[in-house]
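>
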Amino acid sequence: MVRRPVSCIAFPATAPPFPEALGVAERIEAGVFRATFGESADDLRSYYSDHRPQTQIVLAHDDGWAGMMRLGLPGPRMSLSLEDAVAPPFDATPEADLADDGPAVLLDVLTAAVRSRFRNRRLFERMLGVAARVADEHGCTHVVGMVDRRVLTYLRHRRLPLTLHSDLHHYYGSPATGFCSVGTAALRHWLAEGA
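By my numbering, the letter at position 119 of the sequence shown is numbered 388, and the numbering carries on one by one without gaps.
Structure representation (structure tokens):
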């Protein structure tokens, strides 16, 4: 049996490509996090509403809608994930840490929700590839994300040249979570090597 490749689309949260696109993303995210956070699609819609003009959504299709990623673009509001990064317990300063690399224009990967949790690495990497493309399109030099120990171990094992900006802490029921970044060009190169 030939396995079809994962297909991904990226779109502004203010201009979904089909009427149910945002609903699909919210249901995937809520479904993955409901057990831990008690989230519903309505909760997420309200939580992210003020940041919607700076948000792009990635949806992955793999024999059905299988994953989503929420991308925070540069803009007038600090993204929700970076708001969390600079606050306790993380006290991280990714923008300041990256300032020596030139203008630290960040694409913040707020959430990666994958059906079957993190077992589907092929799907996860496909969405990272779309995130890198969006970063390029918006002139972003770095991608910043919140990762748990499981994902961090995987990325280090695969030798992604990332920088960890905080210690690992419990975060709303997610154990051992921290903030890391990778240069957009380095991410593209890493993904190409693994293709």
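All residues carry an ideal CB built from backbone N, CA and C; glycine is no exception.
State the DSSP-derived secondary structure class of histidine 438, mapped to helix, strand or coil.
Three-state result, histidine 438: strand.
> Taking the alpha-carbon of arginine 419 as reference, which of Gly408, Leu437, Pro430 has the nearest alpha-carbon?
Of the candidates Gly408, Leu437, Pro430, the one whose C-alpha sits nearest the C-alpha of arginine 419 is Leu437.
> Figure out for me which residue from Gln323, Arg402, Met396, Leu367 has the closest Cα to the Cα of aspartate 331.
Checked all of Gln323, Arg402, Met396, Leu367; the closest Cα to aspartate 331 is Met396.
> Going by the CB atoms, is the gap between methionine 415 and threonine 446 shorter than 9 Å?
Against a cut-off of 9 Å, the Cβ pair of methionine 415 and threonine 446 comes out as a contact.
> For methionine 347, does the three-state DSSP call read helix, strand or coil?
Correct three-state label for methionine 347: coil.
> Is it buried or exposed for threonine 324, if we count other Cβ within 10 angstroms and need 16 for buried?
With 16 or more Cβ atoms within 10 Å of its Cβ, threonine 324 is classed as buried.
> Would you mind stating whether alanine 279 and valine 355 have Cβ atoms separated by less than 9 Å?
Cβ distance not < 9 Å, so alanine 279 and valine 355 don't count as in contact.
> What did DSSP end up calling valine 293 once you bin it into helix, strand or coil?
Three-state DSSP puts valine 293 in a helix.
> From the DSSP output, in three-state form, read off valine 275 for me.
If DSSP states are grouped into helix, strand and coil, valine 275 belongs with coil.
> So, for valine 413: in the same chain, excluding its five sequence neighbours on each side, which residues have a beta-carbon less than 6 Å away from its beta-carbon?
Contacts found: Pro363, Leu375, Asp377, Ser450.
> Over what stretch of residues does the alpha helix (DSSP H) that includes aspartate 366 continue unbroken?
Per DSSP, aspartate 366 belongs to the alpha helix (DSSP H) from 363-366.
> Since leucine 340 and alanine 400 should fall inside the 8 Å C-beta cutoff, what is the C-beta to C-beta distance between them, to a whole number of angstroms?
Leucine 340 to alanine 400, Cβ: 6 Å. Contact.
> Which word fits aspartate 360, buried or exposed, when buried means at least 16 other C-beta atoms lie within 10 angstroms of its C-beta?
With fewer than 16 other Cβ atoms within 10 Å, it is exposed.
> Which two residues bound the contiguous alpha helix (DSSP H) that contains arginine 457?
Unbroken alpha helix (DSSP H) run through arginine 457: 453-463.
> Please state whether DSSP places aspartate 331 in a helix, a strand or coil.
Of the three classes helix, strand and coil, the one that applies to aspartate 331 here is coil, per DSSP.
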